[in-house]
């Protein structure tokens, strides 16, 4: 119960602090540190919780209400005093508590323990208590408070609802059963809430049964008979009065409240009337609470399965894959038996290369033509012996060109071209134009037509057989996709007149589809889920292998570089950080000293600043930081500026080493490391994160001016007169009537709770008290 109360109070605190989370369907981010559980959260939680005992059966044991304690506390104390005498409840020590004390007896306290148990039993003699008095004196409240005082006792309520509620048994049988339960659970209480009405409602046999069962209880048994008579004691039957014996302590009479009790009873009413309107809930118009806008929380990551769950899922997927392979094996065997035509490779069946989509004849022809063109395009070298005289005039096919021939056409030149078609020489005819004579040029041959590539799949039943037992089909749909690829191959060649191949392929696809339709829907769904998981696992394994391969290659490359460095370190001098350039010495130029990188960057910055001032308009004094932030180079350089462990920035000016002495040998092939040019960060420049920030501050919302609170006024003399009237005019009123009058006055206070002047309220309450007392007196006279 306490845990449930704390949980409910924490939920009330969350609702009070962040009510906007219950108005949104999205998950919002909250700060748990701002949630505080307050006492009012527990008060609200008490109203929402119902104990399990109260849910199963209505409990008669309740403490005395706070507002009735001034009237009924004296009666309750009188009843509890009588109970302590008739039913003593001695607290017994447990074994651990007894172990802290020593006994001086020789028997170890045996006789003393026997005496204590005997006295505890003999001190009880038929405990009976009867509460009686005029009707309306708070009998029910006192009876429930007495049962609450006897907490821990087994209570058997013998009211009319318990006896008559079960139609399968008689009233006498119910009485007997209740007594049996009371004897079984000692100490116990037999409670009769309205004895006068009970005696009138039950028959004579039930009262006789009650008398018999009371007599059957041993005189020393701790079983209490507690009854309430809301009327005159003389109105009870004589046999019923005999149940409670003759001792005066067994009878407790509830008397009318005294003047002091009534004054204490109405004191709280007067204090409530003195409270100003701001002390009452909803008496003053409150401001509407401005709820903060909470950011939307990111979606929750999916729950990562445990290692045991992953292992179990992997094992289940392997079993599913085995089932798929086992079921597809007979299907593929049946297709290979009936459709042997599609077991051939597509290269043999169609004569087409699946990679290029071209026929093998066309590819062979193109290969021969490409080899001939490559041979003709190669530049030949003229054969000229080194010891021969100068080159003779060129021999031509016909007469000489110098005038002895009449038809200068083509010249036949003998050149040496090794490796062309296996010959040592080739004859090439070169047309030579002659001045003053027209040359006839023949038209170029038309371009050769290139066939369009055919999209054909490299798939047949034999490849499907290999894929089934080596790679594995994950679902039946993957198997049907490969069968449809064979059908599409047949559709490509159907236009050439081979329609029988297409019909056979479609028949094979239909047969495969019908064989796979016999699978259970649940198995198909499991295969689809397994395929997704297995595909993901294969991708992960592929990435792991690629990463391992890349890591091994990097390690091998690092080892090679390390070995090369060791070999070159024995021959070369140590490297210099800064100094004279080596590359210029190779060209015979005097080495020059490297300039300071800070000076270089300073000159570049000055050039950029001059160019920016020449192209841009004059800006205001406050926009200088924005202009500098628009330069991406400057922003990148500032982003690279980070402090070093010793506190100095990375981009501090670097000292340039002087040229190496003349006696130190320099390697002309060695590269000089150049220091990075970085600009020192300027503390006056704004941060890069402030670019997207608003340039102007957001105007604050002015709070609404609070209305002045009026002055609270109540006439204390009239309030005191009202209190005296309440005390003195209610002498003849009973407890229930006093409670009713108090409720009427509190209702009047609630109706006038918004008023700052309570004089009208006091007059109204005075009228209510006077009118109520007169009505009670009139009803008493008529009765």
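Numbering (my numbering), first residue to last: 11 to 793.
We put the beta carbon where it would ideally sit given N, CA and C, even for glycine.
This one's a predicted model, so the numbers in the text were calculated from it and none came from an experiment.
| query | result |
| --- | --- |
| CA-to-CA distance, residue 749 to residue 76, given in whole angstroms | 12 Å |
| Selected residue, minimal CA-CA separation from residue 186, among 340, 168 and 197 | 168 |
| Cβ of residue 201 within 8 Å of any chain D Cβ | Checking the listed chains, one finds no chain D in this structure; it contains a single protein chain. |
| C-beta atoms of residue 74 and residue 234 nearer than 8 Å | no |
| Counted within 10 angstroms of its Cβ, other Cβ atoms place residue 549 as buried (16 or more) or exposed | exposed |
| The segment 745-763 touching the segment 276-289, judged by at least three CB pairs closer than 8 Å | yes |
| Span separating the alpha-carbon of residue 260 from that of residue 292 | 50 Å |
| Exposure of residue 339, with buried meaning 16 or more beta-carbon neighbours within 10 Å | exposed |
| Beta-carbon proximity list for residue 500, same chain, < 6 Å, skipping 5 on both sides | 511, 512 and 515 |
| Residues near residue 544 by beta carbon distance below 8 Å, same chain, minus five either side | 327, 331 and 484 |
| Runs of beta strand (DSSP E) wholly within the segment 154-205 (minimum 3 residues, chain order) | 164-167 and 198-202 |
| Neighbour-count burial assignment, residue 91, 16 or more Cβ in a 10 Å radius | exposed |
| Bounding residues of the alpha helix (DSSP H) (the contiguous stretch that carries residue 728) | 726-738 |
| Unbroken alpha helix (DSSP H) run spanning residue 496, endpoints | 486-502 |
| Segment limits, beta strand (DSSP E) that includes residue 139 | 138-142 |
| Best match in 156, 342 and 33 for proximity to residue 140 [C-alpha to C-alpha] | 156 |
| Proximity to residue 741 [Cα-Cα], best of 536, 529, 772 and 779 | 779 |
| Residue 419 versus residue 386: straight-line alpha-carbon distance, rounded | At residue 419 the pLDDT is 44, less than 50, meaning the model places this residue with poor confidence and gives no usable figure here. |
| DSSP state of residue 369 mapped onto helix, strand, coil | strand |
| Cβ pair residue 135, residue 245 closer than 8 Å | no |
| The segment 476-495 / the segment 355-362 touching (three or more Cβ pairs under 8 Å) | no |
| Residue 744 classed as buried or exposed, judged by whether at least 16 other C-beta atoms fall within 10 angstroms | buried |
| Rounded straight-line distance, which links the Cα of residue 554 to that of residue 19 | 52 Å |
| Boundaries of the beta strand (DSSP E) in which residue 263 is found, first to last residue | 261-263 |
| Contacting residues, own chain, Cβ-Cβ under 8 Å from residue 467 (five flanking each side not counted) | 356, 364, 495, 496, 498 and 499 |
| Exposed unless 16 or more other CB atoms sit within 10 angstroms - verdict on residue 198 | buried |
| Residue interval of the alpha helix (DSSP H) (run including residue 74) | Premise fails: residue 74 is in no alpha helix (DSSP H) and is neither H nor E. |
| DSSP three-state assignment for residue 481, whether helix, strand or coil | helix |
| Reduced DSSP category for residue 310 - H, G, I as helix; E, B as strand; rest coil | coil |
| Buried or exposed (CB count within 10 angstroms, at least 16 for buried), residue 195 | exposed |
| Extent of the continuous beta strand (DSSP E) to which residue 526 belongs | No beta strand (DSSP E) holds residue 526; the alpha helix (DSSP H) holding it covers 509-526. |
| Contact belief for residue 85 with residue 264 at Cβ below 8 Å, rounded distance in angstroms | 5 Å |
| Residue burial classification, residue 308 (beta-carbon count within 10 angstroms, cutoff 16) | exposed |
| Whole-number beta carbon distance between residue 765 and residue 287, since they are thought to touch under 8 Å | 7 Å |
| Classification of residue 755 by the beta-carbon crowding that lies within 10 angstroms, buried from 16 upward | buried |
| Terminal residues of the beta strand (DSSP E) in which residue 279 lies | Not the beta strand (DSSP E): residue 279 falls in the alpha helix (DSSP H), residues 269-283. |
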